[in-house]
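Number of protein chains: 2
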Amino acid sequence: MKLAVIGSGNIGKSIGTWAAASGYEVVFSARNLQHAQEAAKAAGHNASAASVSEAIKEAGMVLLAVPYGATKELLTELRPLLKGKVIIDPTNALNADFSGLAIGFTTSAAEEIAKVVPEAKVVKAFNTIFASIFASQTSKIKGNTISVFYAGDDKEAKAEVAALISKLGFDAVDSGPLAASRLIEPLALLNISLGYGLGHGTSIGFSFVR
Amino acid sequence: MKLAVIGSGNIGKSIGTWAAASGYEVVFSARNLQHAQEAAKAAGHNASAASVSEAIKEAGMVLLAVPYGATKELLTELRPLLKGKVIIDPTNALNADFSGLAIGFTTSAAEEIAKVVPEAKVVKAFNTIFASIFASQTSKIKGNTISVFYAGDDKEAKAEVAALISKLGFDAVDSGPLAASRLIEPLALLNISLGYGLGHGTSIGFSFVR
Chain D
26 MKLAVIGSGN IGKSIGTWAA ASGYEVVFSA RNLQHAQEAA KAAGHNASAA SVSEAIKEAG
86 MVLLAVPYGA TKELLTELRP LLKGKVIIDP TNALNADFSG LAIGFTTSAA EEIAKVVPEA
146 KVVKAFNTIF ASIFASQTSK IKGNTISVFY AGDDKEAKAE VAALISKLGF DAVDSGPLAA
206 SRLIEPLALL NISLGYGLGH GTSIGFSFVR
Chain H
26 MKLAVIGSGN IGKSIGTWAA ASGYEVVFSA RNLQHAQEAA KAAGHNASAA SVSEAIKEAG
86 MVLLAVPYGA TKELLTELRP LLKGKVIIDP TNALNADFSG LAIGFTTSAA EEIAKVVPEA
146 KVVKAFNTIF ASIFASQTSK IKGNTISVFY AGDDKEAKAE VAALISKLGF DAVDSGPLAA
206 SRLIEPLALL NISLGYGLGH GTSIGFSFVR
């Protein structure tokens, strides 16, 4: 299945590049097509670039690698193209100074995104891991495989996202329905807090051991 | 430092017994003194039993092993005895059917507890681990050391709780101020959800890898 990456920031470039290196066909896209072309060129084999709408049309799975604050306007515009598509949501709705979540408990970024594009199949994933880990194409830290917690309401969409997670070498942990994003998004903030405020740096992650 | 355990449920008995086996002096307490005496007898060496107020008077550190819903009334009554004490809060404010948290995002169980006993030093800890793991006195699962995320506003209190966590063989992860309980409490619900709803059972945990 082809993966469209929306957004040319660190998350989009690093996951997209790694997915391409792992055998996925990846089409990078961004508001600024030149940024998408640069990302595709850097990724090399299996990678191409297109406008955001073209990328979505080509792909079955869409990585929404844009800041949470930009998702509503973007998805409202793109909604007609997203029917039946799998949307991977790696966003976190952080407040202005990154010290906390802007929403939570009674909803989540993923659920708000799903409300905007109800015909798409939103799967929360990849939000608890720093972009630098994706960039280094490493799914292990000191021998421990990092877990990617994913959540969604569509079984097949989840299976496709789980396959991508596993392809990258991560431990794919089915964490339940999309509403479980209310639990996974706080974990991302814990990750950010441990990495920055508490000094562990960005080569960190969580392993679900069982 | 002597550890008082309040509550004779699985969490109190299992952590208290293990702490005693690890060299801590532990005084078990419960509304029903007989339950505390049974717990102390089962724990054996280093363990004793007392009324709740006597136990608190003897100890510097208090494990609040009661359901969250019982904490407010209990602590309001005990408040005069708790000045300067370290309170370890392993509670989770679950809703009636255990499907979600009853509070969160703008507050946490730990912060609500701290509001009731502002003269005590509340440290969130042990809430993301099943009682059966404490009962088995195992801090590793398949070779992976389980992390205990702890949070609090008093540096010395946190150091004392971290020492207990480490003594039991867990990986003690300083997760920041008490407000970080807003992140650690959702992680507990993820743990419960993975263990029960998603079928992984209770021999599970999270490792913070770095």
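Those sequence lines, one after another, are chains D and H. Each residue of the first sequence is one higher than the last, beginning at 26 in the numbering used here. Each residue of the second sequence is one higher than the last, beginning at 26 in the numbering used here. The beta-carbon is built from N, C-alpha and C at its ideal position, and this holds for glycine as well. Every value quoted in this text rests on a predicted model; they were computed, and no experiment measured them.
DSSP, read as helix, strand or coil, puts LYS110 (chain D) in coil.
The bridge partners DSSP lists for GLY201 (chain D) come to none.
Note on the segment 167-230 of chain H: whole alpha helix (DSSP H) runs with a minimum of 4 residues are 180-192, 206-220, in chain order. By the 16-neighbour rule on beta-carbons within 10 angstroms, ASN152 (chain H) is buried. Exposure of GLY94 (chain H) is indicated by the presence of fewer than 16 other C-beta atoms within 10 angstroms of its C-beta.
Sixteen is the threshold: when 16 or more other Cβ atoms of the shown chains lie within 10 Å of the Cβ of THR42 (chain H), as they do, the residue is buried. Neighbours of ASN169 (chain H) in chain D, taken as residues whose beta carbon is under 9 Å from its own, are ASN169, SER232, VAL234 in chain order. Contact between the segment 139-158 of chain H and the segment 169-188 of chain H is present, with at least three C-beta pairs closer than 8 Å. Of all alpha-carbon atoms in H:SER124, H:LYS183, H:ASP196, H:PHE233, the one lying nearest the alpha-carbon of ILE217 (chain H) is that of H:SER124. In this structure, LEU58 (chain D) sits away from ILE81 (chain D), with a CB-CB distance that is not shorter than 7 Å.
Residue environment analysis places GLY224 (chain H) among the exposed positions, since fewer than 16 neighbouring C-beta atoms fall within 10 angstroms of its C-beta. For ILE31 (chain H), no alpha helix (DSSP H) run applies; the uninterrupted beta strand (DSSP E) run containing it begins and ends at 28-31, by DSSP. For SER78 (chain H), the enclosing alpha helix (DSSP H) stretches over residues 77-83. In its chain, beyond the 5 residues on either side, THR170, ILE171, LEU193, GLY194, PHE195 have a beta carbon closer than 7 Å to the beta carbon of SER164 (chain H). In the structure shown, SER73 (chain H) falls within a strand segment according to DSSP collapsed to helix, strand and coil. Note that the C-beta distance between ALA145 (chain D) and ILE113 (chain D) is not below 7 Å. Sequence-distant Cβ neighbours of ALA184 (chain D) in its own chain, meaning closer than 6 Å and more than five residues away, do not exist here.
For GLN162 (chain H), same chain residues with a beta-carbon under 6 Å away, outside a window of 5 residues either side, are TRP43 in chain order. Distance from the CA of LEU214 (chain H) to the CA of GLN62 (chain D), rounded to the nearest whole angstrom, comes to 42 Å. Comparing C-alpha distances from ALA182 (chain H) to each of H:GLU98, H:SER54, H:ASN71, H:LYS110 shows the shortest one belongs to H:LYS110.
The Cβ of SER218 (chain D) sits closer than 7 Å to at least one Cβ of chain H. At a cut-off of 7 Å between beta carbons, HIS60 (chain H) makes no contact with chain D.
Close to chain H, meaning a Cβ-Cβ distance shorter than 9 Å, is no residue of the segment 143-163 of chain D at all.
The three-state reading of DSSP puts VAL148 (chain H) in strand, counting E and B together. The C-beta of PRO211 (chain D) comes closer than 7 Å to at least one C-beta of chain H. Taking 7 Å as the cut-off, the beta carbon of LEU119 (chain H) is found no closer than this to the beta carbon of LEU212 (chain D). At a Cβ-Cβ threshold of 7 Å, ILE36 (chain H) and ALA156 (chain H) count as neighbours. For LEU119 (chain H), not one C-beta of chain D is nearer than 7 Å to its own C-beta. The Cβ-Cβ distance between ALA150 (chain H) and VAL198 (chain H) does not fall below 7 Å.
Per DSSP, PHE53 (chain D) is one residue of the beta strand (DSSP E) stretching across 51-54.
Within 9 Å of the CB of ILE229 (chain H), the CB atoms of chain D belong to PHE233, VAL234, ARG235, in sequence order along the chain.
Chain-ordered, the chain H residues with CB closer than 7 Å to the CB of HIS225 (chain D) read ARG235. In this model, VAL87 (chain D) and THR96 (chain H) are separated by some 46 Å (Cα to Cα).
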